[in-house]
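Chemist: Can you read through this structure? Questions will come right after.
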Amino acid sequence: MFFPWFVGGGVIAALAGRTQATIITDQAAAVSGKIFDYVIVGAGLSGITLSGRGHSVLIIEAGPDGSWNPAVFNADGRAYPATYCNWNYPMHDNDGVKLNTTIDAGACIGGSTSINGMVWYRPTEAELDRLEYLGNPEWNWRTLEPYMEAIERNIPPTDEQIAQDAGLDPAVHGYHGVINTSFPTPMRIPRAVRLYKEALPHAFPGLSISNDLSNRSSVVSASTSWTIWYDAATGLMKRSSAADALLWATSQQRSSLTVLANHTVDKVNFGRDLKANGVRFSPTLSRNAERQFNVKAAKSVILAAGTLATAPILERSGVGKASVLSAAKVKQVVDLPGVGANLNDQPGTATSALVKKEYRNDTSLIDGRTLFAPEISLVNMDNVWPAGSSAIAQTLVSPASLLSRAVSLVEAGAAVNVEGAMIILNSTIQLIVLSRQPVAEVIAESYPSILNTPFWPLMPLSRGHIHISSANPFDFPVIVPRFLTDIFDQQVAVAVARRSRDLWTSPPLAHLVADAYHDPRIGPNGTDADYLAWFQSKAGGAGHWIGATAMLPRELGGVVDPRLRVYGTKNLRAVDAGVLPFQVTSHMMSTLYAVAQRAADLILQDCEESL
Numbered sequence: 000m001f002f003p004w005f006v007g008g009g010v011i012a013a014l015a016g017r018t019q020a021t022i023i024t025d026q027a028a029a030v031s032g033k034i035f036d037y038v039i040v041g042a043g044l045s046g047i048t049l050s051g052r053g054h055s056v057l058i059i060e061a062g063p064d065g066s067w068n069p070a071v072f073n074a075d076g077r078a079y080p081a082t083y084c085n086w087n088y089p090m091h092d093n094d095g096v097k098l099n100t101t102i103d104a105g106a107c108i109g110g111s112t113s114i115n116g117m118v119w120y121r122p123t124e125a126e127l128d129r130l131e132y133l134g135n136p137e138w139n140w141r142t143l144e145p146y147m148e149a150i151e152r153n154i155p156p157t158d159e160q161i162a163q164d165a166g167l168d169p170a171v172h173g174y175h176g177v178i179n180t181s182f183p184t185p186m187r188i189p190r191a192v193r194l195y196k197e198a199l200p201h202a203f204p205g206l207s208i209s210n211d212l213s214n215r216s217s218v219v220s221a222s223t224s225w226t227i228w229y230d231a232a233t234g235l236m237k238r239s240s241a242a243d244a245l246l247w248a249t250s251q252q253r254s255s256l257t258v259l260a261n262h263t264v265d266k267v268n269f270g271r272d273l274k275a276n277g278v279r280f281s282p283t284l285s286r287n288a289e290r291q292f293n294v295k296a297a298k299s300v301i302l303a304a305g306t307l308a309t310a311p312i313l314e315r316s317g318v319g320k321a322s323v324l325s326a327a328k329v330k331q332v333v334d335l336p337g338v339g340a341n342l343n344d345q346p347g348t349a350t351s352a353l354v355k356k357e358y359r360n361d362t363s364l365i366d367g368r369t370l371f372a373p374e375i376s377l378v379n380m381d382n383v384w385p386a387g388s389s390a391i392a393q394t395l396v397s398p399a400s401l402l403s404r405a406v407s408l409v410e411a412g413a414a415v416n417v418e419g420a421m422i423i424l425n426s427t428i429q430l431i432v433l434s435r436q437p438v439a440e441v442i443a444e445s446y447p448s449i450l451n452t453p454f455w456p457l458m459p460l461s462r463g464h465i466h467i468s469s470a471n472p473f474d475f476p477v478i479v480p481r482f483l484t485d486i487f488d489q490q491v492a493v494a495v496a497r498r499s500r501d502l503w504t505s506p507p508l509a510h511l512v513a514d515a516y517h518d519p520r521i522g523p524n525g526t527d528a529d530y531l532a533w534f535q536s537k538a539g540g541a542g543h544w545i546g547a548t549a550m551l552p553r554e555l556g557g558v559v560d561p562r563l564r565v566y567g568t569k570n571l572r573a574v575d576a577g578v579l580p581f582q583v584t585s586h587m588m589s590t591l592y593a594v595a596q597r598a599a600d601l602i603l604q605d606c607e608e609s610l
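Reading the sequence shown from the start, the letters are residues 0 to 610 in numbering that gives the first Met the number 0.
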C-alpha cells in the first residue's frame, strides 16, 4: 500500500564507497546544471521523508552534515539552546524592531529533528479532522493516523523502566517503522516524576494521570517517551532523527538520492506558464549570493525548508504579497498574499522553586541531564479554570468576539482577510470549547537546585507574520510572532503560571521546597498584571512554528491546495509545518511525519496520472 522503504533502523555515518550509497556532498559541481526528477529544498524531517520513494531526487540543504557531531547523535548530550546546527533567527517585536531574542531552528542535515527536545506523542482525532473542515478533503485522522503508526518503531519499556513510572498503551504506537521511540536508560528523575504526578491534580483539578501521552482519549498527564534508542555498544542514548533513521541508516541507502549540503536556495526558477523547472542556489559558507548555481527538476520542485525558510524562498521567487515583494525589490510573478501570514508558535516560559539543600544531591530528584520533559501534562479549560471555564468559553464563542479578533489579525498583517481569519480562529475555538482540547502543556522538570515547570499555551489565537526584507538569501527574514496579543492567550498564560506555583506548595512537593517564589519573584499576592508582564518579558517560542504557507482555499489566504501545490504555479509544492493552518496539541514530529508521507503518496499519484 505505502511505506515500501520503511524496513528497519540503524545508523551509519560513512557512506562513501558503497555502490548503492546515497551521495552526500557539499560540492555544487556534483549537481550544478544536472536534471533530477525531484528537487527538494531542505533536508529536515519533511524533505528527508519525501525523498524515499524512488526516482532521482536531489535534496539541497543550507546547513552541514552533522552526523559526526555528538551534539546531534547523543541524546543525553543535547545542549539547550543548541550551539551547533542552529540558525538562531532573530525575533522582532510587533513593530518589526529586532530583539535580542533568537529562534532555534535546525541548521544541518536532519533539520530540527537534530536539535529538538525529541518528545513524541500523537495529536487528537478531533484536531486532525479540523484540517478537512477548513477545505482540505481527505486530510483527517483516518488518512493521517496510519502514517503515524507506519513511521514509528516503539521500543516498549523494560520492567525496570515501568517500575520508575514508564508506561505504554500498545494500541497507540507503531512497531515496524524506522523512527525509534522509547524511554531513557536510566529513567530521568523517577522520584521527582512520581511526586509531580501526585501534585499535579492538586494544581489542576480534574487532571487524570495516564500511562501514555499518545492515548488522547482524555486530558492526560504521563511520563514522556522520546525519539531515542539505547545503543548498548556505546552505552549512549542516541537521537533517532530523520537523518539517522531515513538517510544515514544502512537500510536506507539508494543511489537515486543525492544530498547537497552547505548550499542555500535563493529562488525557484520558473518556465512558461509559471511551471517550476528548478532552483538557483549559492554556497552557504561564503554567504556570496552572487556565486550562483542552478539545477533542474523534471517533475517537481518541493519546498520543505521549514516554516521559517519556505515562505521567504517563495517571496524571493516572486510568489507573495505585492507590497512585501516591492519593498524587497523582487518582481512579483504570482499574487499570493497568504505567503508569510498566519505565522504561529506557542509562547512559553517556566516557573521554578528552590529546593532545600539536603535534597539537591538526590539524583532521583535532580540529575543534571538535559533530556527534556520527563513528565508532561495537557490541561484543558476545566483544569485551568475549574469555577470559571463556562464564562470564558461563552466569551470565546461570541460572534462579536470572533469578528473582532479576525479584524485585528487583518489589521496587523497576520491574516489576508476577515473571512479567512474567522474560519481559522473558529476552528481553534471550537476545539478548545466544544471538544475541550488542551489549552496548555505543563512540563515537570528539575535542574540543579530547582524544580522547574516550563509551560505554554497549546492552541494560541495570536498570529504573526514572516517576510523578507531583501532579495538576498543570506539576509534573515523579519519574523514578527506577535505572541500574547490575543486576550485569551494572556488569560491562559497567567492562569497556568499561577497554578504552576501551586505545585510547590502542595503536600507532595512542599517538603522539598525552600522557596516557592524563586522565579518569578512574584509573591502570593501578585496580580494578574504582574504575571502577564513577567510572562511577556520571558516568553519565547516552543519551536513549533506553523502556518506561514497554510493549506487553505486561496480565497481564504491559503498558499497550497490539498495536494500541497502552490497556488498560481505548476510543479511547485510546499511540504512542511508551514502548511498547517493551526496548532496541534502534541509536539510536532508525529503529525509532520504523517503529513510528509501522505504528501509523498499524493505527489507520486499526480506524477503517474500525468504520464
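Glycine included, each C-beta is placed from N, C-alpha and C at the ideal position. These numbers were taken from a predicted model, which means no experiment stands behind them.
To the nearest angstrom, report how far apart F1 and A352 are at their CA atoms.
Modeler: Per-residue confidence for F1 stands at a pLDDT of 32, beneath the threshold of 50, marking its modelled position as unreliable; the derived number appears in the next sentence. Their backbone Cα atoms lie some 49 Å apart in a straight line.
Chemist: Helix, strand or coil, according to DSSP, for L603 in the structure here?
Modeler: Note: L603 maps to helix in three-state DSSP.
Chemist: If you reduce the DSSP assignment to three classes, tell me which class K330 lands in.
Modeler: Note: K330 maps to coil in three-state DSSP.
Chemist: Could you tell me the distance, in whole angstroms, from the CA atom of I611 to the CA atom of I58?
Modeler: The requested residue 611 is not part of the displayed model; the chain covers only 0 to 610.
Chemist: Would G110 and G176 qualify as a contact pair, given that the criterion is a beta-carbon distance under 8 Å?
Modeler: Cβ distance not < 8 Å, so G110 and G176 don't count as in contact.
Chemist: Name the one or two DSSP bridge partners that T257 has.
Modeler: Paired residues: I22, L57.
Chemist: Please state the DSSP three-state secondary structure of T568.
Modeler: Of the three classes helix, strand and coil, the one that applies to T568 here is coil, per DSSP.
Chemist: Does the pairing of the segment 526–540 with the segment 491–502 give three or more beta-carbon distances under 8 Å?
Modeler: Contact between the segment 526–540 and the segment 491–502 is present, because at least three Cβ pairs lie under 8 Å.
Chemist: Measure the beta-carbon distance from L143 to R597 and round it to whole angstroms, keeping in mind my assumption that it falls under 8 Å.
Modeler: That belief holds up - the Cβ atoms of L143 and R597 are roughly 6 Å apart, short of 8 Å.
Chemist: Measure the Cβ-Cβ separation of E314 and V338 and say whether it is below 8 Å.
Modeler: Yes, the pair counts as a contact, with Cβ atoms nearer than the cut-off.
Chemist: If you measure between the beta carbons of R121 and D164, is that distance less than 8 Å?
Modeler: Cβ atoms of R121 and D164: not closer than 8 Å.
Chemist: Just to confirm, are A549 and G556 a CB contact at a threshold of 8 Å?
Modeler: Yes. Within cutoff.
Chemist: Can you grab the Cα-Cα spacing for the pair I114 / W544, in whole Å?
Modeler: Using only the alpha carbons, I get a separation of about 15 Å.
Chemist: Please give me, in chain order, every unbroken run of the alpha helix (DSSP H) with length at least 4 that falls completely inside the segment 502–533.
Modeler: Runs found: 506–509.
Chemist: Which word fits V219, buried or exposed, when buried means at least 16 other C-beta atoms lie within 10 angstroms of its C-beta?
Modeler: Classification for V219: buried.
Chemist: Would you identify the three-state DSSP class for W455, choosing helix, strand or coil?
Modeler: Correct three-state label for W455: strand.
Chemist: What is the C-beta distance between T223 and A372, in whole angstroms, given that I count them as a contact (C-beta under 8 Å)?
Modeler: Contact holds; Cβ gap of about 5 Å.
Chemist: For the alpha helix (DSSP H) containing E148, name the first residue and the last one.
Modeler: Unbroken alpha helix (DSSP H) run through E148: 140–150.
Chemist: What are the boundary residues of the beta strand (DSSP E) that includes I178?
Modeler: Its beta strand (DSSP E) spans residues 178–180.
Chemist: Under 6 Å Cβ to Cβ from A297, same chain only, skipping five residues before and after it: list those, please.
Modeler: Around A297: I34, D36.
Chemist: Could you tell me which of F269, N471, E151, Y79 sits nearest to N293, measuring between CA atoms?
Modeler: When only C-alpha atoms are compared, the closest one is F269.
Chemist: Label A170 either buried or exposed according to how many other C-beta atoms from any shown protein chain fall within 10 Å of its C-beta, with 16 as the threshold for buried.
Modeler: Classification for A170: exposed.
Chemist: Using 7 Å as the cut-off, classify the Cβ of D527 as near or not near the heavy atoms of the ligand COA, replying yes or no.
Modeler: Judged by which ligands are present, the structure shown has none, so any question about the ligand COA falls away.
Chemist: So is V96 buried or exposed if we call it buried at 16+ other beta carbons inside 10 Å?
Modeler: V96 should be labelled exposed.
Chemist: Could you tell me which of S209, G173, D158 sits nearest to T184, measuring between CA atoms?
Modeler: Minimum Cα distance to T184 is reached at D158.
Chemist: By DSSP, does G46 sit in helix, in strand, or in coil?
Modeler: Helix, per DSSP.
Chemist: By the three-class DSSP mapping on this structure, what secondary structure does R279 have?
Modeler: Reduced to three states, the DSSP call for R279 is strand.
Chemist: What would DSSP say about P472, mapped onto helix, strand or coil?
Modeler: Looking at P472 - three-state DSSP - the assignment turns out to be coil, as it is neither helix nor strand.
Chemist: Measure the CB-CB distance between V441 and T427 and report whether it falls below 8 Å.
Modeler: It is not a contact, given that the beta carbons lie outside the stated cut-off.
Chemist: In chain order, what are the residue ranges of uninterrupted alpha helix (DSSP H) at least 4 long that sit wholly in the segment 293–328?
Modeler: Counting only runs of 4 or more, we get 306–315, 321–326.
Chemist: Could you please give me the residues that DSSP links to M587 through a beta bridge?
Modeler: Partner(s): none; M587 has no beta bridge.
Chemist: For L342, list the residues DSSP reports as bridge partners.
Modeler: Per DSSP, G463.
Chemist: With 16 as the cutoff for other CB atoms within 10 Å, does L460 come out buried or exposed?
Modeler: Buried, since its Cβ has 16 or more Cβ neighbours within 10 Å.
Chemist: Quick check: the Cα distance between D64 and G105, rounded to an integer number of angstroms?
Modeler: Each residue's alpha carbon lies about 12 Å from the other.
Chemist: Quick check: A304 and I312, are their CB atoms within less than 8 Å of each other?
Modeler: Yes, these two residues count as a Cβ contact at 8 Å.
Chemist: Count the other CB atoms within 10 Å of the CB of S397; is the residue buried (16 or more) or exposed (fewer)?
Modeler: Classification for S397: exposed.
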